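Chemist:
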Amino acid sequence: DAGVTQSPTHLIKTRGQQVTLRCSPKSGHDTVSWYQQALGQGPQFIFQYYEEEERQRGNFPDRFSGHQFPNYSSELNVNALLLGDSALYLCASTRVSDNYGYTFGSGTRLTVV
Amino acid sequence: RKEVEQDPGPFNVPEGATVAFNCTYSNSASQSFFWYRQDCRKEPKLLMSVYSSGNEDGRFTAQLNRASQYISLLIRDSKLSDSATYLCVVNDGRGGKLIFGQGTELSVKP
């Protein structure tokens, strides 16, 4: 039973570029959330997807967008990258009926230079 | 004021010590409470959920005081393997968004 899978594991991008991160949820999970964790900080909620729709969004600019596919996998897109976007991006999945038992992926470490 | 605030770290303790972490949260409507553990450069992993009645899992005891909006984690007989960052996490009750504290780093020394 695979857990949450994220790709790529590491990524280096230049300021102004665009990036797409991918997440496959744990088998049986239907809800995917994305978090940004800067160095020395706790993860910050970006948004959550359920039934292919954004259900909730945190305080992130519109440069951050996402998508959920019919197989429940998800993508996080960030446009016009800034140095401050350098962080660990975590995907967490759950089953909406599970009373919020989340499983996290091992993350994508994005470095913007 | 941050939504979830934790003791600033790091905590440096000898093996066998008892260590306590404290956390406060601002949203009285919060519904679920957790402690997560995060090892260096890894993903957070659920350590334990926290219930109003208090709960224990081996050397770990968690307490929740809803009136004071306060959560605690007690680790007894610390092991070297307990060295990690401990994250206090609150579910905001609106669709499952998790709100994390900034984390408290624990270093257990021989």
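Chains as they are written, first to last, in this note's numbering: chain W, 103 to 215; chain U, 166 to 275. Note that CB positions come from ideal geometry on N, CA and C, so glycine has one too. These numbers were taken from a predicted model, which means no experiment stands behind them.
(1) Mind checking whether V254 of chain U and L245 of chain U have CB atoms under 7 Å apart?
(2) Report yes if the C-beta distance between T213 of chain W and Y204 of chain W is below 7 Å; otherwise report no.
(3) Near E270 of chain U, what residues of its chain come up, given a Cβ to Cβ distance below 6 Å and the 5 sequence neighbours on each side ignored?
(4) Note down, in chain order, every chain U residue with its Cβ under 7 Å from the Cβ of G144 of chain W.
(5) Return the bridge partner residues of Y137 of chain W from the DSSP annotation.
(6) Looking at the strands, I want to know which residues DSSP matches up with A249 of chain U.
(7) I want to see whether chain W comes within less than 7 Å of P156 of chain U, judged by CB atoms only; does it?
(8) Please list the terminal residues of the continuous beta strand (DSSP E) segment that includes Q170 of chain W.
(9) For chain W, check one thing: does any of its Cβ atoms lie closer than 7 Å to the Cβ of K167 of chain U?
(10) Should S218 of chain U go down as buried or exposed, given a rule of 16 or more other Cβ atoms within 10 Å for buried?
(11) For my contact list, V215 of chain U and D247 of chain U are in at a C-beta cut-off of 8 Å; report their separation, rounded to the angstrom.
(12) Provide the residue span of the beta strand (DSSP E) that contains P179 of chain U, from first to last.
Modeler: Taking the geometry as given:
(1) no
(2) no
(3) G174, P175, T250
(4) L252, F265, G266, Q267, G268
(5) W:F147, W:L192
(6) Beta-bridge pairing links A249 of chain U to U:L271.
(7) Any answer about residue 156 of chain U is impossible in this case: the structure gives chain U only from 166 up to 275.
(8) 166-170
(9) no
(10) exposed
(11) Not confirmed; about 18 Å, so no contact.
(12) 176-179
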